[in-house]
Amino acid sequence: MSDAPVIEPRQVWPAEFAERYRQKGYWRGETMGGFLRRAATEHPDRIAVVDPDHRWSYGELLARAERAAQGYLGLGLRQGDRVLVQIPNIAHFFPAVFGLFLAGLVPVYALPAHRQTELVHFARRASARALVVADRHEGFDYRDLAGQVQAEVPALAHVVVIGDPGPWLGFDAMPAGDLPLPQVDPSRVAFLQISGGSTGLSKLIPRTHDDYIYSFRASAEICGLDGDSVYMGALPVAHNFPMSSPGVMGALYAGSRVVMCPNPSPDTAFSLIAREGVTITGVVPPLALLWMQAAPRTKHDISSLQVLQVGGAKFTPEAAARVRPTLGCTLQQVFGMAEGLVNYTRLDDAQDIVTGTQGRPISPDDEVLVLDDAGQPVPDGQPGHLLTRGPYTIRAYHDEPAADARSFTPDGFYRTGDIVKRLAGGYLVVQGRAGDHINRAGEKISAEEIEDHLLAHPAVFDAAVVSIPDAFLGERSCAFIIAQPDTSPRAPEIKAFMRSRGLAEFKVPDQVVFVPEFQTTAVGKISRNVLRANLRARFLKEEERK
Ligand code: OOB
Numbered sequence: 414m415s416d417a418p419v420i421e422p423r424q425v426w427p428a429e430f431a432e433r434y435r436q437k438g439y440w441r442g443e444t445m446g447g448f449l450r451r452a453a454t455e456h457p458d459r460i461a462v463v464d465p466d467h468r469w470s471y472g473e474l475l476a477r478a479e480r481a482a483q484g485y486l487g488l489g490l491r492q493g494d495r496v497l498v499q500i501p502n503i504a505h506f507f508p509a510v511f512g513l514f515l516a517g518l519v520p521v522y523a524l525p526a527h528r529q530t531e532l533v534h535f536a537r538r539a540s541a542r543a544l545v546v547a548d549r550h551e552g553f554d555y556r557d558l559a560g561q562v563q564a565e566v567p568a569l570a571h572v573v574v575i576g577d578p579g580p581w582l583g584f585d586a587m588p589a590g591d592l593p594l595p596q597v598d599p600s601r602v603a604f605l606q607i608s609g610g611s612t613g614l615s616k617l618i619p620r621t622h623d624d625y626i627y628s629f630r631a632s633a634e635i636c637g638l639d640g641d642s643v644y645m646g647a648l649p650v651a652h653n654f655p656m657s658s659p660g661v662m663g664a665l666y667a668g669s670r671v672v673m674c675p676n677p678s679p680d681t682a683f684s685l686i687a688r689e690g691v692t693i694t695g696v697v698p699p700l701a702l703l704w705m706q707a708a709p710r711t712k713h714d715i716s717s718l719q720v721l722q723v724g725g726a727k728f729t730p731e732a733a734a735r736v737r738p739t740l741g742c743t744l745q746q747v748f749g750m751a752e753g754l755v756n757y758t759r760l761d762d763a764q765d766i767v768t769g770t771q772g773r774p775i776s777p778d779d780e781v782l783v784l785d786d787a788g789q790p791v792p793d794g795q796p797g798h799l800l801t802r803g804p805y806t807i808r809a810y811h812d813e814p815a816a817d818a819r820s821f822t823p824d825g826f827y828r829t830g831d832i833v834k835r836l837a838g839g840y841l842v843v844q845g846r847a848g849d850h851i852n853r854a855g856e857k858i859s860a861e862e863i864e865d866h867l868l869a870h871p872a873v874f875d876a877a878v879v880s881i882p883d884a885f886l887g888e889r890s891c892a893f894i895i896a897q898p899d900t901s902p903r904a905p906e907i908k909a910f911m912r913s914r915g916l917a918e919f920k921v922p923d924q925v926v927f928v929p930e931f932q933t934t935a936v937g938k939i940s941r942n943v944l945r946a947n948l949r950a951r952f953l954k955e956e957e958r959k
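Residue numbers for the sequence shown follow my numbering, so the first one is 414 and each next one is one higher.
1) Which residue spans inside the stretch 563-613 form an unbroken beta strand (DSSP E) run of at least 3?
2) Let me confirm a value: Asp-466 is counted as buried when at least 16 other C-beta atoms fall within 10 Å, else exposed. Which label applies?
3) My output table needs one value for Trp-469: the three-state DSSP class, helix, strand or coil.
4) Any idea what DSSP makes of Met-414, helix, strand or coil?
5) Short of 8 Å in beta carbon distance, which residues of its chain neighbour Ser-716, apart from the five on each side in sequence? Order them along the chain.
6) Just to check, is the beta-carbon of Asn-942 closer than 7 Å to a non-hydrogen atom of ligand 1?
7) Is the beta carbon of Asp-598 less than 8 Å from the beta carbon of Trp-440?
8) Can you find the residues in the same chain that come closer than 8 Å, C-beta to C-beta, to Met-414, ignoring five residues on each side of it along the sequence?
9) Quick one: Cα of Ala-664 to Cα of Asp-639, how far?
10) Ala-523 and Leu-497 look like a contact to me (Cβ under 8 Å); what is the Cβ gap, rounded to whole Å?
11) Which residue's Cα is closest to the Cα of Gly-646: His-456, Val-672, Ala-631?
12) At what residues does the alpha helix (DSSP H) containing Pro-508 begin and finish?
13) Quick check for students: name the residue ranges of the beta strand (DSSP E) that lie wholly in the stretch 682-740, counting only runs of 3 or more.
14) Within its chain, find whatever has a CB closer than 6 Å to the CB of Arg-630; leave out the 5 residues flanking it on each side and keep chain order.
15) Is Asn-676 helix, strand or coil when you go by DSSP?
16) When we look at the beta-carbon of Thr-822 and count the other beta-carbons within 10 Å, is it buried (16 or more) or exposed?
17) Could you give the first and the last residue of the continuous alpha helix (DSSP H) run that contains Val-928?
18) Curious, which full-length alpha helix (DSSP H) runs of at least 4 residues does the stretch 529-555 contain?
19) Quick one: what's got a C-beta closer than 7 Å to Gln-627's C-beta in the same chain, skipping five residues either side?
20) How would you label Asp-849, buried or exposed, when you count the other beta carbons within 10 angstroms and need 16 or more for buried?
21) Whole angstroms are fine: how far does the CA of Gln-529 sit from the CA of Leu-558?
22) Can you check whether the CB of Ala-543 is closer than 8 Å to the CB of Val-573?
23) Does the distance from the CB of Leu-532 to the CB of Val-562 come in under 8 Å?
24) Nearest CA to the CA of Arg-853: which residue from Gly-769, Pro-698, Gln-897?
25) Could you give the DSSP three-state label for Phe-629: helix, strand or coil?
26) Using three-state DSSP, classify Lys-853 as helix, strand or coil.
27) So, at 6 Å on beta carbons, what are the nonlocal neighbours of Arg-477 in its own chain, with the 5 sequence-adjacent residues on each side left out?
28) Sorry if obvious, but does the Cβ on Arg-846 come closer than 7 Å to a heavy atom of ligand 1?
29) Can you find a heavy atom of ligand 1 that lies under 7 Å from the Cβ of Asp-577?
30) What does the Cβ neighbour count give for Glu-538, buried or exposed, with the cut at 16 atoms within 10 Å?
31) Ile-894 to Leu-886, Cα distance in whole Å?
32) For Arg-472, collect the residues of the same chain with a Cβ closer than 6 Å to its Cβ; drop the 5 residues on either side in sequence, then sort them by chain order.
33) Give me, in chain order, the residues of the same chain whose beta-carbon lies closer than 7 Å to that of Val-470; leave out the 5 immediate sequence neighbours on both sides.
34) I think Gly-749 touches Thr-758, with their Cβ atoms under 8 Å apart; what is that distance to the nearest whole Å?
35) Check each candidate in Arg-903, Ala-818, Val-545, Thr-801 and name the one with the smallest Cα separation from Val-783.
In structure tokens form, the structure reads like this:
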């Protein structure tokens, strides 16, 4: 066991805010486990969750979640304990996480793309006591990864595997106890989600039952979900967008059907849309481009699709205008963040709003500031820094005092790092990022995190990672490297080295460029972000000349 002090996740709004959010009916005192119980009582026989191999009613889903809750308690896990989960888009995602909620346990959501380095960081940060994974998915064996993680974090006392457990404990073989399930406080932290990690390593985001349920209940209303809707999880559902905007949770809350799509390739996704009559799903811009390209030639009937949500990264107005003609459905742009604030274009908005903006906030109590560099409000239509606070935006990260001091103002506004323009009616147009991160097809990469890994290579003297505009990915990553004297590393070697560091594949630089030096100013040292900006500018100029 490590000796690091265990810090309990908490998320607290000042009393006058909490009171207002309750009084206005945003926070209703429901819990994640509680809403599933209600849904299973109200419509037990309605289909809740489908994947290519399973089809469970709300009643069956609840029964499976209750069994899992007993199993977790039977292992000795106790209310408030954190459990790292890395589960791809399969039906078992739901009994696994609702089992945790019912047992008062706190899931920590890793993405399927995360590897050893990331998982070890999350497990340590959260002081997790168990890890729940699927056996294999899309050719990758998560049991091997679990072993590597547990070897580094022995405090992870249990590894539970959905499917063939190999050397671990099977999800269905957890000891069934008959302990009473605990009362869960809706104002407490329900789970920890992963931040995009704008600087350094990803931070953990504590969301409460009250605030999160408000965000997906209101989202489900905005998206018109009801008992006839069929929501497909195409992106990995551990991510905030497909989880709660309105995502799988909003769909279950509204009594809709959830279809889990194992991978978002047009063929897999279109065949599930046709088979299950999917009415709404969400994708990142590069996937929207792929789907639009594939749609005219598909043999699948995708006419059930009414709404395609696109978010996570900027969708160009030109691409946005092609959604209805090619896919025959309404586009909804979604601009959100795991820290809270989510904006939607509304389904009845005028076409220029839908194609030209990233929507407006969910809540009348979402406070939005657009400020200049000096912290003064800019007029509508001018670009500025987006800050926000509200009934589902966090006031602090989990155990990150230094990041909190940077990311939140003293009066509780979250500095999103996004540069936006606000238009009449509160609609926002995303212009870019203030900080140094790369938004690669919706996956956020911190330049600093990647530079630290590059510097660990013996032939790397210095490294700077920047985003380069990319027609398909939106942005790709480019690592500028100064080699150590008398060494001549090559790009494939650097990429292989990065893979060997146990990182998610999307963090391996797309491009590696060796340079003799980083130009500094006459004064000498310049800040990393100025350096990155200069490198990017020079690179783009040279590309243009070619
Ligand atoms: C979503 O959440 P995260 O936490 O992975 O990333 C948040 C960041 C935003 O700060 C912004 O920089 C970027 O992703 N972003 C967009 C965008 N949606 C997100 N940039 C331009 N246009 C958009 N439509 O990505 C997320 C969470 C909930 C719903 C939707 C997206």
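Heads up, the beta-carbon is just placed ideally off N, CA and C, and yes, glycines get one too.
Per the coordinate set shown:
1) 571-575, 602-607
2) Here residue 466 corresponds to residue number 53 of the sequence shown, with the count starting at 1. Classification for Asp-466: exposed.
3) Locating residue 469 in the sequence shown gives position 56, where the first residue counts as 1. Trp-469 falls in the strand class under three-state DSSP.
4) For the purposes of this step, residue 414 is identified with residue 1 of the sequence shown, where counting begins at 1. Per-residue confidence for Met-414 stands at a pLDDT of 47, beneath the threshold of 50, marking its modelled position as unreliable; no derived number is given.
5) As a working note, residue 716 is residue 303 in the sequence shown. Cβ neighbours of Ser-716 beyond the five flanking positions: Gly-741.
6) By 1-based counting over the sequence shown, the position of residue 942 is 529. No - ligand 1 has no heavy atom lying nearer than 7 Å to the Cβ of Asn-942.
7) Your numbering for residue 598 matches position 185 in the sequence shown. Your numbering for residue 440 matches position 27 in the sequence shown. In this structure, Trp-440 does not lie closer than 8 Å to Asp-598 by Cβ.
8) The count along the sequence shown starts at 1 and reaches residue 414 at position 1. Because Met-414 sits at a pLDDT of 47, beneath the cut-off of 50, its placement in the model cannot be relied upon, and the point is left open.
9) For the purposes of this step, residue 664 is taken as the residue at position 251 of the sequence shown. For the purposes of this step, residue 639 is taken as the residue at position 226 of the sequence shown. Answer to the nearest angstrom: the Cα atoms are 8 Å apart.
10) As a first step, residue 523 is located in the sequence shown; it is residue number 110 there, counting from the start. As a first step, residue 497 is located in the sequence shown; it is residue number 84 there, counting from the start. At roughly 6 Å, the Cβ-Cβ gap stays under 8 Å, so Ala-523 and Leu-497 are in contact.
11) Along the sequence shown, read from residue 1 onward, the residue named residue 646 stands at position 233. Out of His-456, Val-672, Ala-631, Val-672 has the C-alpha closest to the C-alpha of Gly-646.
12) For the purposes of this step, residue 508 is taken as residue 95 along the sequence shown, with counting starting at 1. Looking at the DSSP string, the run of the alpha helix (DSSP H) that includes Pro-508 is 506-515.
13) 693-696, 720-724
14) Walking along the sequence shown from the start, residue 630 turns up at place 217. These residues qualify, in order along the chain: Tyr-666.
15) Along the sequence shown, read from residue 1 onward, the residue named residue 676 stands at position 263. Looking at Asn-676 - three-state DSSP - the assignment turns out to be coil, as it is neither helix nor strand.
16) Locating residue 822 in the sequence shown gives position 409, counting from the first residue. Per the 10 Å Cβ criterion, exposed.
17) Within the sequence shown, numbered from 1, the residue matching residue 928 stands at position 515. It is not in any alpha helix (DSSP H) - Val-928 carries neither H nor E in the DSSP assignment.
18) 529-539
19) Counted from its first residue, the sequence shown places residue 627 at position 214. Residue identity check: residue 627 is Tyr in the sequence provided, not Gln. Within its own chain, the residues whose Cβ lies closer than 7 Å to the Cβ of Tyr-627, once the five positions on either side in sequence are excluded, are Tyr-439, Trp-440, Pro-804, Tyr-805, listed in chain order.
20) In the sequence shown, residue 849 corresponds to position 436, counting from 1. So Asp-849 counts as buried.
21) Counting from one through the sequence shown, the residue named residue 558 turns up at place 145. Counting from one through the sequence shown, the residue named residue 529 turns up at place 116. Put simply, the backbone Cα of Leu-558 is about 6 Å away from that of Gln-529.
22) The residue labelled residue 573 in the question sits at position 160 within the sequence shown. The residue labelled residue 543 in the question sits at position 130 within the sequence shown. Contact: yes.
23) By 1-based counting over the sequence shown, the position of residue 532 is 119. By 1-based counting over the sequence shown, the position of residue 562 is 149. Against a cut-off of 8 Å, the Cβ pair of Val-562 and Leu-532 comes out as a contact.
24) In the sequence shown, the residue the question calls residue 853 occupies position 440. Minimum Cα distance to Arg-853 is reached at Pro-698.
25) Position 216 of the sequence shown holds residue 629. Correct three-state label for Phe-629: helix.
26) Working through the sequence shown from its first residue, we reach residue 853 at position 440. Before going on, a small fix: residue 853 reads as Arg here, not Lys. Of the three classes helix, strand and coil, the one that applies to Arg-853 here is strand, per DSSP.
27) Numbered from 1 along the sequence shown, position 64 holds the residue referred to as residue 477. The residues are Pro-508.
28) One-based indexing of the sequence shown puts residue 846 at position 433. Yes, since a heavy atom of ligand 1 falls inside the 7 Å radius drawn around the Cβ of Arg-846.
29) As a working mapping, residue 577 is identified with position 164 in the sequence shown. Because no heavy atom of ligand 1 lies under 7 Å away, the Cβ of Asp-577 does not count as near it: no.
30) As a first step, residue 538 is located in the sequence shown; it is residue number 125 there, counting from the start. Checking the sequence, you will find Arg at residue 538 rather than Glu. Buried, since its Cβ has 16 or more Cβ neighbours within 10 Å.
31) Start at 1 with the first residue of the sequence shown, and residue 894 comes out as number 481. Start at 1 with the first residue of the sequence shown, and residue 886 comes out as number 473. So the two alpha carbons sit approximately 22 Å from each other.
32) Numbered from its first residue, the sequence shown carries residue 472 at position 59. The amino acid occupying residue 472 in the given sequence is Gly; Arg does not appear at that position. If we look at Gly-472 and ignore the five residues flanking it on each side, its Cβ neighbours are Ala-453, Pro-457.
33) Along the sequence shown, read from residue 1 onward, the residue named residue 470 stands at position 57. Rather than Val, the amino acid found at residue 470 in this sequence is Ser. Correct list, in chain order: Pro-457, Asp-458, Arg-459, Ile-460, Ala-461.
34) Reading the sequence shown from its first residue, position 336 is the one you call residue 749. Reading the sequence shown from its first residue, position 345 is the one you call residue 758. Their Cβ separation, rounded to whole angstroms, is 12 Å, which puts Gly-749 and Thr-758 out of contact at 8 Å.
35) For the purposes of this step, residue 783 is taken as the residue at position 370 of the sequence shown. Considering only alpha carbons, the answer is Thr-801.
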